[in-house]
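This report concerns only the one structure given below.
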Amino acid sequence: MTMTTRRAFLAGTAAAGATLATPGLLRAQSGGKVVVGTWGGDYARLLTDEVQPALRKTADYRLVLDTGGATARKTKLLTAARVGGGAMDVTCLSDTDMYQMYAQDILTPVADLDIPNYANVFDTFASDYSIPHIYSGMVIVYDTTQVSKAPTSYADLWTEEYRGAVGFSDILFNPLLLAASLAHGGGATDFDTAKEALMELKAAGGGAKVYPSNEAIANAFEAKEIKATLMWKARAYQWSKAGLSVAAATPSEGAIPVTFNAAATRFAENPTGAAAVLNTMLDPAMQLVFAKAMGYLPTVSNAEIPDEMRQTLGFTDAEREAFVHPDYGYVAAQLSDTLTWWNQTFKA
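If you count the sequence shown from 1, you need to add 948 to reach our numbering.
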């Protein structure tokens, strides 16, 4: 977010303070159904069990969840934009998917919404078009029973110790390409370097295994099929709690962050309700509820995670400052070519 936009946003939220401080007035002026397009599973459960009751403390909003995969959700949004609305008030998507919707002019700018809690968002995650709800970072996850010395770099996976024992999740091809680029001296807009490096890894003895999902990677660790992967640190936390002998190492090149975001659509039928949902999702207490349940970190500076979670799940201020963010425009422009290469060349 630009500084000008952020100042304007903060000024707007300050002006709204009197209204927000009067719950009775807010109830009189707002309420109704808010349709939220989201993932299923724990995320949907927490929206229903935690966000919904919190919303009703200030206004009579009723969440209606439209659960499903990101691809189906993006298709609904694109269709709604073409026919003039009717899909959802709030959409939840990963950072790269959300950028695609922003590029199609489907989202309401954050500065046009009443979201006081947005003032506490870490600057590194701020954007003009969506709120960052939870985050993690791509790190090296390794089997502590098979690896004697913790890795320190993405590039370590190209060394002899990991030959034939590296596994990748099929659905993470974009951040994997960025990690491969960083490991070999490239940057966020150098997938050519990444492709060469990954083909080198594939050609090495035993190659690199590709598994259909993040859950399949966990099964591969349990079966001792792999020694290491590149994965969200939140997953390492979840797997360790479930009994797998894995640990996470933050790479010297800088971890690649992922945020799971929420935004109001520009054709929302209840824009006030959409803003209330987004504000509640950024409430520090609500951020901690999601962190403890899912292993992903708060995106606001006023949500203090417990020490145990900080040590096994968190990132230091220095590590967060060293994050290498994807270039969302580049990723979107390269997506068709990337998918073709990943499916027809690397996985072939």
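We treat Cβ as the ideally placed atom computed from N, Cα and C, and that holds for glycine.
Under the three-state DSSP convention, the category M1049 falls into: helix
Buried or exposed: which applies to F1263, given that a residue is buried once 16 or more other Cβ atoms fall within 10 Å of its Cβ? buried
In angstroms with no decimal places, state the Cα-to-Cα distance between A1152 and T1092. 23 Å
Contained alpha helix (DSSP H) runs [length at least 4] in the segment 1198 to 1266, N- to C-terminal order: 1219 to 1229, 1232 to 1242, 1255 to 1261
Counting pairs of Cβ atoms below 8 Å between the segment 1043 to 1063 and the segment 1216 to 1228, do you hit three or more? yes
State whether the segment 1107 to 1123 contacts the segment 1187 to 1195, with contact taken as three or more CB pairs (one from each stretch) at a distance under 8 Å. no
Using 8 Å as the Cβ pair cut-off and three pairs as the minimum, do the segment 1077 to 1086 and the segment 1191 to 1211 touch? Contact between the segment 1077 to 1086 and the segment 1191 to 1211 is present, because at least three Cβ pairs lie under 8 Å.
Cβ neighbour criterion (16 or more within 10 Å) applied to S1145: Note on residue identity: the sequence assigns Ala, not Ser, to residue 1145. Classification for A1145: buried.
Going by CA-CA distance only, name the one from K1240, L1120, R1004, T1207 that's closest to I1165. L1120
Can you pull the DSSP bridge partners for R1010? Answer is K981.
So what does G1085 bridge to, in DSSP terms? BP columns for G1085 point to P1205.
So, for K1295: in the same chain, excluding its five sequence neighbours on each side, which residues have a beta-carbon less than 7 Å away from its beta-carbon? V1158
Using only CA atoms, which one of M1036, D1008, K1005 lies nearest to A1020? Answer by Cα proximity: M1036.
Looking at the structure shown, is L1126 part of a helix, part of a strand, or coil, going by DSSP? helix
In the DSSP output, what is D1062 paired with across the bridge? Beta-bridge pairing links D1062 to no other residue.
Compute the beta-carbon to beta-carbon distance between S1042 and A1018, rounded to the nearest angstrom, for a pair I have assumed lies under 8 Å. 7 Å between Cβ atoms; contact.
If you compare alpha carbons, which of D997, K1024, D1138, D1275 is closest to V1038? K1024
Look at the alpha carbon of A1266 and the alpha carbon of H1273, and state the distance between them as a whole number of angstroms. 15 Å
May I ask which residues mark the beginning and end of the alpha helix (DSSP H) holding V1279? 1276 to 1289 is the span of the alpha helix (DSSP H), which, as asked, contains V1279.
Would you report the Cα separation of Y1244 and V1089, rounded to the nearest angstrom? 15 Å
Please determine, among P1160, S1101, R1111, the residue with the shortest C-alpha to C-alpha distance to G1133. Looking at P1160, S1101, R1111, the one whose alpha-carbon comes closest to that of G1133 is S1101.
Determine the DSSP secondary structure at A1152, reduced to helix, strand or coil. coil
Whose CA, out of D1275, E1217, A1182, lies closest to the CA of A1136? D1275
contact_flag[the segment 1279 to 1288, the segment 1208 to 1220] where n(CB pairs < 8 Å) is 3 or more: Verdict: no, contact absent.
My output table needs one value for I1079: the three-state DSSP class, helix, strand or coil. strand
Consult DSSP for V1272 and reduce its assignment to one of helix, strand or coil. coil
Under 9 Å, Cβ to Cβ, is there at least one residue of chain C near L1146? Looking at the structure shown, chain C is missing, and only one protein chain is on hand.
From the DSSP output, read off the bridge partner residues of M1179. V1087
Grab me the residues of E1252's own chain with a C-beta within less than 7 Å of its C-beta, minus the 5 sequence neighbours each way, in chain order. none
What's the gap between the Cα of Q1048 and the Cα of D997? 30 Å
Give me, in chain order, the residues of the same chain whose beta-carbon lies closer than 7 Å to that of K981; leave out the 5 immediate sequence neighbours on both sides. R1010, V1012, N1218
Output the distance between the C-alpha atoms of Y1066 and T1207, rounded to the nearest integer angstrom. 15 Å
Which class does S1188 belong to by DSSP, given the choice of helix, strand or coil? For S1188, the three-state secondary structure derived from DSSP is helix.
Expressed to the nearest angstrom, what Euclidean distance is found between the alpha-carbon atoms of N1167 and N1209? 28 Å
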